[in-house]
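Peer 1: The structure that follows is given in the form of structure tokens.
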Amino acid sequence: MDEQLAAMIGERVRLRCLASRLPKTVIAGLAGITPDYLYQIERGLKLPTVTVLKQLAEVLNVSADELLSSTSTRAPSTRPETAGDALYRAFTRPVKSDAVAIDLKALRRNVLDAWQTWQTSATRYSQLAPELPALVIEAEQALRDRANGSASDQREVQCCAADLYALLRSVAKRLGRVDVSLLAADRAIRAGENADDPLRLAVAQWNLAQVLLADGEAEGAEDVAMQAAEALSACTDNDLDAVALRGALLLVGSIAAARRGDVWRARERVQTVEPLAKQTGERNTLWTVFGPTNVAMHAVSVEVEAGSAADGLRLAERIDHDRSPSIERRVAFRCDAVAETRNVRSGSDQLNRLRRLDQLPTRLDPRQLRSTHTTLPVVVTLKPQSRDSWSTSTKPRPRSPPNREAPSCGRFARSPSSTSMRSTGESGTRHRRKPTGGCPWSYALLTSSVTSSSASSAHSSSRCAKVRRVECRSSRSGGVSAPSRLRLKTNPSRP
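Counting with full-length UniProt numbering, you get residues 1 to 495 for the letters of the sequence shown.
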């Protein structure tokens, strides 16, 4: 019985390892076992313990049930946010026939302002969440009002609706509502076709390909992107906007090819796009953020999808993210870089990358991090390592007692002029030193979304413990200072 169970689990672990496209040494290291032990599990020679099976499931991004049961089950999705529900209701509610006529110029201005907020504001989630449902209702009402209007009015309102639906696709994706994102992309295609605008139709197809990628439909995304790029190639002679949109579509096609396993085709498409990016420069055509910086970011993503996370991280460190015109794109790329370090680097490297999110020119919205699906698993992995990392960074150095001349020899000898020998009173008085490290605010925001408030409070109090300095006493014979002890005193009442 045990042999049959071991063979069944081993076969499923082997298939999941192949599907992950990660080296066996990386999988074994992340699971906390040796590569030889992983080999024996795959061959059915060893029956893994429950702990090892759970660790393998986390590394392979599957549930433990999928490694045990005969039928594959998808993990239940997280509860959608209120903003996603409001968008869904706005999309599906019927348009009122007796509503007040919509001012088209005001609607166009509001859509442009919403796009500007989404790409540049640090509080874009908080600002747009209450505004977008009303914009959807107004756009649908405007489409109904202009159904029998002049051709120019119909085209203008269709273009306005296409731009709004493109924004809603991106926002809904970040909120975790793939259904709303797919609905927005479909309506954007309808609006682009009705407007008879090849550029907006291309953007709508680009958005649809993005939704299919997020839903795991790599083949469908590649078909949509490549057909749209081919249809747009006839318009790219003297139009830089068309060139930029064709390049954006080819980049989506490269990611889709990489996820299908065709890595060489993906790299070839990225190389094909590089001359187009040099031709257009940093060009935010219809908010697609196409340019050399975005091409470099996609090159990193292709390497990561190919299983070469180390090469991808080396490429990522050379990219000047600040050149991208969209803060949303910059933050999403950095969050992906944090997730990529799970495969090749230690927990301290991931913590350092989380701290770098503080160094962005604009402060981040907490919901940006909480809604990023690639970052939350990293925080869950880093949580057990965080206390050791910060306690190491906050460990004080032994110092000589105040108001005493430092010895000329010894392990902890210091010069009398050292700034670290400040005194606050009589000799022998102990001094407190604030920790030099600390929890990055981005880590705290992410942790608050995956732990209860009580657990977070206890963890924060333990992490922010006050550390007493080492009390150095000089011996009577030689006067050589030596550390007597290191006292750790936790004061939960103080932050």
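Ideal placement from N, C-alpha and C gives every residue a C-beta, glycine not left out.
Counting along the chain, where does the alpha helix (DSSP H) carrying His298 start and finish?
Peer 2: Counting from 1 along the sequence shown, the entry for residue 298 is found at position 298. First-last of the alpha helix (DSSP H) with His298: 292–305.
Peer 1: Between the alpha carbons of Ala31 and Ala306, how many angstroms are there, rounded?
Peer 2: Here residue 31 is taken as the residue at index 31 of the sequence shown, counted from 1. Here residue 306 is taken as the residue at index 306 of the sequence shown, counted from 1. Their backbone Cα atoms lie some 21 Å apart in a straight line.
Peer 1: Among Asp215, Asp196, Gly192, which one has its Cα closest to the Cα of Ala204?
Peer 2: Locating residue 204 in the sequence shown gives position 204, counting from the first residue. If we check each option's Cα against that of Ala204, Gly192 comes out closest.
Peer 1: What are the boundary residues of the alpha helix (DSSP H) that Trp264 is part of?
Peer 2: To locate residue 264, count along the sequence shown from 1; it is residue 264. Taken as a continuous stretch (DSSP letters only), the alpha helix (DSSP H) holding Trp264 covers 263–280.
Peer 1: Here's a check: name, in chain order, each residue in its chain whose Cβ is nearer than 6 Å to the Cβ of Val59, leaving out the five neighbours to either side.
Peer 2: Position 59 of the sequence shown, counted from the start, is the residue given in the question as residue 59. The answer, listed in chain order, is Ile27, Leu30, Ala31.
Peer 1: When DSSP labels each residue in this structure, what does Arg43 get in the three-state scheme?
Peer 2: Counted from its first residue, the sequence shown places residue 43 at position 43. In the structure shown, Arg43 sits in coil (DSSP, three-state: anything other than H, G, I, E or B).
Peer 1: Apply the 10 Å Cβ neighbour rule to Pro48 and answer buried if 16 or more other Cβ atoms are within range, or exposed otherwise.
Peer 2: In the sequence shown, counting from the first residue as 1, residue 48 sits at position 48. Pro48 should be labelled buried.
Peer 1: Quick one: what does DSSP say Arg318 is sitting in, helix, strand or coil?
Peer 2: On the sequence shown, residue 318 is found 318 positions in, with the first residue counted as 1. It is coil, neither helix nor strand.
Peer 1: To the nearest angstrom, how far is it from the Cα of Ala142 to the Cα of Ala266?
Peer 2: In the sequence shown, the residue the question calls residue 142 occupies position 142. In the sequence shown, the residue the question calls residue 266 occupies position 266. For Ala142 and Ala266, the distance between alpha carbons rounds to 41 Å.
Peer 1: Are Ala162 and Ala139 touching if we call contact CB-CB under 7 Å?
Peer 2: Counted from its first residue, the sequence shown places residue 162 at position 162. Counted from its first residue, the sequence shown places residue 139 at position 139. Going by C-beta atoms, Ala162 is not nearer than 7 Å to Ala139.
Peer 1: Suppose you measure from the CA of Arg387 to the CA of Ala332; what does that come to, to the nearest Å?
Peer 2: Numbered from 1 along the sequence shown, position 387 holds the residue referred to as residue 387. Numbered from 1 along the sequence shown, position 332 holds the residue referred to as residue 332. Unreliable placement is indicated for Arg387, whose pLDDT of 45 sits below 50; the coordinate value is still reported in the next sentence. If I take the Cα positions, the gap works out to 26 Å.
Peer 1: Would you identify the three-state DSSP class for Gly177, choosing helix, strand or coil?
Peer 2: By 1-based counting over the sequence shown, the position of residue 177 is 177. Here residue 177 is Arg; the residue named in the question, Gly, does not match the sequence. DSSP places Arg177 in coil when its eight states are reduced to three.
Peer 1: Which partner residues does Arg283 have in the DSSP bridge list?
Peer 2: What you label residue 283 is simply residue 283 of the sequence shown in a count that begins at 1. Partner(s): Phe290.
Peer 1: Given a cut-off of 7 Å on the beta-carbon distance, is the pair Leu164 and Leu208 in contact?
Peer 2: Translated into positions along the sequence shown, residue 164 becomes position 164. Translated into positions along the sequence shown, residue 208 becomes position 208. No, these two residues do not count as a Cβ contact at 7 Å.
Peer 1: Need the endpoints of the alpha helix (DSSP H) that Leu251 sits in, please.
Peer 2: Position 251 of the sequence shown, counted from the start, is the residue given in the question as residue 251. Start and end: 240–260.
Peer 1: Across the stretch 225–242 and the stretch 177–190, are there enough close Cβ pairs to call them in contact, namely three or more that are closer than 8 Å?
Peer 2: Taking 8 Å as the limit for Cβ pairs, the verdict is that the stretch 177–190 does not touch the stretch 225–242.
Peer 1: Using 10 angstroms around the beta-carbon of Trp206, count the other beta-carbons present and answer buried if the total reaches 16, otherwise exposed.
Peer 2: Within the sequence shown, numbered from 1, the residue matching residue 206 stands at position 206. With 16 or more other Cβ atoms within 10 Å, it is buried.
Peer 1: Just confirm the distance between the C-beta atoms of Glu303 and Arg260, as a whole number of angstroms; I'd bet it's less than 8 Å.
Peer 2: What you label residue 303 is simply residue 303 of the sequence shown in a count that begins at 1. What you label residue 260 is simply residue 260 of the sequence shown in a count that begins at 1. Not a contact, Cβ separation roughly 15 Å.
Peer 1: Could you work out which residue in Lys278, Pro198, Leu249 is closest to Asp223 when comparing CA atoms only?
Peer 2: Numbered from 1 along the sequence shown, position 223 holds the residue referred to as residue 223. Residue Leu249 is the option with its Cα nearest to Asp223.
Peer 1: Evaluate the contact criterion for the stretch 60–70 versus the stretch 149–158: three or more CB pairs, one atom per stretch, below 8 Å.
Peer 2: Flag = no, the stretch 60–70 and the stretch 149–158 do not touch.
Peer 1: If we require 4 or more residues per run, which alpha helix (DSSP H) segments fall completely within the stretch 154–205?
Peer 2: Fully enclosed alpha helix (DSSP H) runs of 4 or longer: 178–195.
Peer 1: Figure out for me which residue from Leu313, Val270, Asp36 has the closest Cα to the Cα of Cys335.
Peer 2: Translated into positions along the sequence shown, residue 335 becomes position 335. Checked all of Leu313, Val270, Asp36; the closest Cα to Cys335 is Leu313.
Peer 1: Step through the CB atoms of chain B and report whether any lies within less than 7 Å of the CB of Arg190.
Peer 2: The structure shown contains no chain B; it is built from a single protein chain.
Peer 1: Hey, how far is the Cα of Ala316 from the Cα of Asp322?
Peer 2: Numbered from its first residue, the sequence shown carries residue 316 at position 316. Numbered from its first residue, the sequence shown carries residue 322 at position 322. Using only the alpha carbons, I get a separation of about 13 Å.
Peer 1: Considering only heavy atoms of the ligand SAM, does any lie closer than 6 Å to the CB of Tyr37?
Peer 2: This structure lacks the ligand SAM, and indeed carries no ligand of any kind.
Peer 1: Does DSSP put Ser152 in a helix, a strand or coil?
Peer 2: Position 152 of the sequence shown, counted from the first residue, corresponds to residue 152. Three-state DSSP puts Ser152 in a helix.
Peer 1: Apart from the five residues on each side of it in sequence, which residues of its chain come closer than 8 Å, Cβ to Cβ, to Asp320?
Peer 2: Taking the first residue of the sequence shown as position 1, residue 320 is located at position 320. If we look at Asp320 and ignore the five residues flanking it on each side, its Cβ neighbours are Thr293.
Peer 1: Note the first and the last residue of the continuous alpha helix (DSSP H) segment covering Cys17.
Peer 2: Mapped onto the sequence shown, residue 17 falls at position 17. 2–20 is the span of the alpha helix (DSSP H), which, as asked, contains Cys17.
Peer 1: Just tell me which of Arg93, Asn148, Leu175, Ala99 has its CA closest to the CA of Ala129.
Peer 2: The residue you call residue 129 lines up with position 129 of the sequence shown. Taking only the C-alpha atoms, the option nearest Ala129 is Leu175.
Peer 1: So, at 7 Å on beta carbons, what are the nonlocal neighbours of Val95 in its own chain, with the 5 sequence-adjacent residues on each side left out?
Peer 2: Translated into positions along the sequence shown, residue 95 becomes position 95. The answer, listed in chain order, is Glu140, Gln141, Arg144.
Peer 1: Can you tell which of Tyr37, Asp215, Leu251 has its C-alpha closest to the C-alpha of Pro275?
Peer 2: Counting from one through the sequence shown, the residue named residue 275 turns up at place 275. Checked all of Tyr37, Asp215, Leu251; the closest Cα to Pro275 is Leu251.
Peer 1: Would you kindly report the start and end of the unbroken alpha helix (DSSP H) that includes Arg108?
Peer 2: For the purposes of this step, residue 108 is taken as the residue at position 108 of the sequence shown. First-last of the alpha helix (DSSP H) with Arg108: 104–120.
Peer 1: Here's a check: name, in chain order, each residue in its chain whose Cβ is nearer than 7 Å to the Cβ of Arg146, leaving out the five neighbours to either side.
Peer 2: Walking along the sequence shown from the start, residue 146 turns up at place 146. Asp153, Gln154, Val157.
Peer 1: If I measure Cβ to Cβ from Met8 and keep anything under 7 Å in the same chain, skipping five residues before and after, which residues do I get?
Peer 2: Sequence index remark: in the sequence shown, residue 8 carries index 8 (1-based). Hits under 7 Å: none found.
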